[in-house]
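For reference, the structure is listed below as structure tokens.
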Amino acid sequence: MEVSNKWFRLLSGTLAGASFVATTQIVTRTDVVGMLFIAVCCFSISLPFLVACFFRPPSSWTPSPDKAASTPLNWRYAGAFMAFLISIAICLIGIMCIFWNFHWILGILFLLSTLSGIGHIYFSSEKLTRL
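Residue numbers for the sequence shown, in the working numbering: 62 to 192.
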């Protein structure tokens, strides 16, 4: 599935902004323990790569057309795309930890709604490629 740069930028920029705001709000508390500490750890792992993907999306890392014909799979692009997906997952885990801190039911509800949203995007991926 070919995804344009604007989708990478939209997703990485939104998650980077949300994780930055959440981190600044969490660290202003007097004590950062339990699930909030895990959330800050998740954001500290995912935030740098999400910001990097905002400025240079993984879809721009594809080889030039003359090199693409000689290479069946661009391992650099595949690795960057996997790192992008992993950083999204880590960021979403951090957001889930914030909800879990309030109550475990809220964490489960966030997890279920996230999986539902990912399923919706996956099954409507043909519409995304036409934009």
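A virtual CB, placed ideally from N, CA and C, is assigned to each residue, including glycine.
Note that the structure is predicted; figures quoted are calculated from it, not measured.
Just reading off the alpha helix (DSSP H) that residue i is part of, what are its end residues?
i    : result
T84  : 66-88
G95  : That residue, G95, is in no alpha helix (DSSP H); it is neither H nor E in DSSP.
S148 : 136-163
Where residue i and residue j are concerned, what is the direct C-alpha to C-alpha distance, given to the nearest angstrom?
i    : j    : result
T75  : W68  : 11 Å
F142 : V101 : 23 Å
I106 : T85  : 15 Å
F54  : A139 : Residue 54 falls outside the range modelled here, since the chain spans only 62 to 192, and no answer is possible.
S177 : V88  : 30 Å
R70  : R137 : 19 Å
A119 : A113 : A small correction: the amino acid at residue 119 is Pro; Ala does not occupy that position in the sequence shown. Between P119 and A113, the C-alpha separation is close to 9 Å.
F116 : A77  : 12 Å
Candidates the options: which alpha carbon is nearest residue i's?
i    : options                : result
L172 : C158, S73, V93         : C158
I156 : T175, Y183, F184       : T175
V94  : N66, A144, F163, A77   : F163
F81  : L167, M96, F184, L111  : L111
I99  : I179, I166, L153, I169 : L153
M96  : Y183, L167, G180, F184 : L167
L108 : S185, L72, N66         : L72
Taking CB distances under 7 Å as the criterion, tell me whether residue i reaches chain B.
i   : result
W68 : The chain labelled as chain B is not found in the depicted structure, where only one protein chain is given.
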